[in-house]
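Below is one structure, written out as structure tokens; the observations come after it.
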Amino acid sequence: MRIILASTSTYRKQLLERLLIDFECMAPEVDETPLTGESLTTMVDRLALAKAGVIADSFPDALVIGSDQSLIASGRVLGKAGNPEAAATQLELLSGREVVFETAVALVCRSRGITLQRRVPTLVHFRHLNGDEIQRYIEDEKPFDCAGSFKAEALGISLFERISADDPTALIGLPLIATAELLRIAGCQIP
88 MRIILASTST
98 YRKQLLERLL
108 IDFECMAPEV
118 DETPLTGESL
128 TTMVDRLALA
138 KAGVIADSFP
148 DALVIGSDQS
158 LIASGRVLGK
168 AGNPEAAATQ
178 LELLSGREVV
188 FETAVALVCR
198 SRGITLQRRV
208 PTLVHFRHLN
218 GDEIQRYIED
228 EKPFDCAGSF
238 KAEALGISLF
248 ERISADDPTA
258 LIGLPLIATA
268 ELLRIAGCQI
278 P
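Right under this line is the structure:
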């Protein structure tokens, strides 16, 4: 059975490789702009499903996995910073705060009528960060392609006091416990 990860994220690819399944990666073309009045949970659910769905439309016999992640801090949805200045602003905003990251995963197979979805929250307690720590971190890690401007799988872990989650991989961008469950429901043997 063909499996496609609707993402070109190296982090999601590395995570999915842990399940020891054959898959390929494709970039979904999806507008990730939040809709007016849309809640964070609705947004990540919608985007995960949209990413899987747009690839599934072109490959209807494949199992397509889509994922999305975001958080809200001080009433603002924080996505990928894109540059050092925006990353510093995000980390200043997160410093000393407790925030919930929402990570959604969707599995779609058009020919089999499969549309499955899960969302995993992760509670992150950031320690108080001073300006020098933020600048050193940004220079060392360059976390511009990550929601919240940190990489929990690397040096970004040093920015936290603690993490509370049912699935530790959710914070990296793809909740593997939920992903494995969805793949099993769709008939994949894991492990």
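88 is the number of the first residue of the sequence shown in our numbering; add one for each residue after it.
Every residue, glycine too, gets a C-beta built ideally from N, C-alpha and C.
Buried versus exposed, by CB contacts within 10 Å (16 or more), residue i
i, result
"residue 91", "buried"
"residue 253", "exposed"
"residue 239", "buried"
"residue 150", "buried"
"residue 280", "The first residue shown for the chain is 88 and the last is 278, placing residue 280 beyond what the model contains."
"residue 271", "exposed"
"residue 181", "buried"
"residue 120", "exposed"
"residue 260", "buried"
"residue 198", "exposed"
DSSP beta-bridge partners of residue i
i, result
"residue 262", "Note: residue 262 sits in no beta bridge, so no partner."
"residue 354", "The chain is shown from 88 up to 278; residue 354 falls before or after that span and cannot be answered."
"residue 155", "191"
"residue 205", "192"
"residue 160", "163"
"residue 91", "111 and 151"
CB of residue i within 8 Å of CB of residue j, strictly
i, j, result
"residue 250", "residue 175", "no"
"residue 102", "residue 277", "no"
"residue 234", "residue 156", "yes"
"residue 231", "residue 138", "no"
"residue 144", "residue 89", "no"
"residue 131", "residue 190", "yes"
"residue 211", "residue 186", "yes"
"residue 188", "residue 136", "no"
"residue 262", "residue 207", "yes"
"residue 160", "residue 184", "yes"
Integer Cβ distance of residue i from residue j, believed to fall under 8 Å
i, j, result
"residue 243", "residue 226", "Contact flag wrong, Cβ pair sits at about 13 Å."
"residue 265", "residue 205", "4 Å"
"residue 194", "residue 127", "About 21 Å; that fails the 8 Å criterion."
"residue 245", "residue 154", "Actually they are not in contact, since the Cβ atoms of residue 245 and residue 154 sit about 25 Å apart, beyond 8 Å."
"residue 203", "residue 178", "Contact doesn't hold; Cβ gap of about 34 Å is too wide."
"residue 114", "residue 201", "With 8 Å as the limit, residue 114 and residue 201 do not qualify as a contact, their Cβ atoms being about 22 Å apart."
Three-state secondary structure (DSSP) of residue i
i, result
"residue 144", "helix"
"residue 56", "Since the first and last residues shown for the chain are 88 and 278, residue 56 lies out of range."
"residue 167", "strand"
"residue 267", "helix"
"residue 180", "helix"
"residue 136", "helix"
"residue 226", "helix"
"residue 234", "strand"
"residue 105", "coil"
"residue 128", "helix"
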